[in-house]
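Using the numbering used here, you'd call the opening residue of the sequence shown number 275 and step up by one each time.
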Amino acid sequence: MSVSLQKGQKVSLSKDNAGLSRIMVGLGWDEVEQPRGLFKPKPQAIDCDASAVLLKDNKLRDISDVVYFGNLRHKSGTVQHMGDNLTGAGEGDDEQILIDLSAMPQEYNKVVLVVNIYQAVPRKQHFGMIRNAFIRLVDARNNREMCKYNLTEDYSGMTAMIFGEVYRYNGEWKFSAIGQGTKDPGLRELVKRFG
Numbered sequence: 275m276s277v278s279l280q281k282g283q284k285v286s287l288s289k290d291n292a293g294l295s296r297i298m299v300g301l302g303w304d305e306v307e308q309p310r311g312l313f314k315p316k317p318q319a320i321d322c323d324a325s326a327v328l329l330k331d332n333k334l335r336d337i338s339d340v341v342y343f344g345n346l347r348h349k350s351g352t353v354q355h356m357g358d359n360l361t362g363a364g365e366g367d368d369e370q371i372l373i374d375l376s377a378m379p380q381e382y383n384k385v386v387l388v389v390n391i392y393q394a395v396p397r398k399q400h401f402g403m404i405r406n407a408f409i410r411l412v413d414a415r416n417n418r419e420m421c422k423y424n425l426t427e428d429y430s431g432m433t434a435m436i437f438g439e440v441y442r443y444n445g446e447w448k449f450s451a452i453g454q455g456t457k458d459p460g461l462r463e464l465v466k467r468f469g
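Right, here's the structure in full:
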């Protein structure tokens, strides 16, 4: 049974899912319908990009530890981005990231899951123009959803989002729902928060 999480809530992944080895992180969002006038051009689609930031001792030590549309597979092979969705159109997950918890090198203690709006500043786009945003974790063995966090706050003016983190604690894997909006103009600036 899937657990519905609130902002700031933590849940154990390993404890309730014996033998858990691989998870699929699904992230999704929908664009809010923008008002259009007779002479106003159709607004440009919002391109949200999901990324995974692998941390050692809670710090980003190397830029190669960022898995995103430009680096789809981590050098360890344990984190894989399944590809870029340019519009967020359609039902279900818009982007997915696979994480092999059982093979994760011991020096990595945390995987932070973030989403930023591609070219948000020049396109004048922000998370206030997004609705139904969520992150969900699925047991890859049986495709069973373990937990889901729906972002319900108004994130107007925010151009990036720290959705949540999967982390190692006392020998088990946990997930924390964060939902922290930022005004970072792009992924390069966003990941500096973890340096």
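Ideal placement from N, C-alpha and C gives every residue a C-beta, glycine not left out.
Pick from the options that is closest to residue i, judged by C-alpha positions
i: Asp428; options: Gly402, Ser350 and Leu328; result: Gly402
i: Gln318; options: Ile452, Arg410 and Ala394; result: Ala394
i: Ala413; options: Lys422, Ile452 and Pro379; result: Here residue 413 is Asp; the residue named in the question, Ala, does not match the sequence. Residue Lys422 is the option with its Cα nearest to Asp413.
i: Ala451; options: Ser350, Leu461, Asn383 and Met435; result: Met435
i: Asp339; options: Ala324, Arg296, Ala407 and Val385; result: Val385
i: Gly472; options: Gly344, Asn390, Asn416 and Lys448; result: Summary: the structure shown does not reach residue 472, with the chain confined to residues 275 through 469, and so no result is reported for it.
i: Ile373; options: Ser350, Glu381, Val285 and Phe468; result: Ser350
Exposure of residue i, with buried meaning 16 or more beta-carbon neighbours within 10 Å
i: Ala292; result: exposed
i: Gly438; result: buried
i: Arg410; result: buried
i: Asp336; result: exposed
i: His306; result: The sequence shown places Val at residue 306, rather than the His named in the question. By the neighbour-count rule (16 or more Cβ atoms within 10 Å), Val306 is not buried but exposed.
i: Thr426; result: exposed
i: Ser276; result: exposed
Three-state secondary structure (DSSP) of residue i
i: Ser338; result: helix
i: Phe468; result: helix
i: Met403; result: helix
i: Leu461; result: helix
i: Val353; result: strand
i: Val385; result: strand
Residue i vs residue j beta-carbon contact at 8 Å
i: Asp290; j: Cys322; result: no
i: His400; j: Ser376; result: no
Beta strand (DSSP E) runs contained entirely in the segment 405-453, provided each spans 3 or more residues: 418-424 and 434-443
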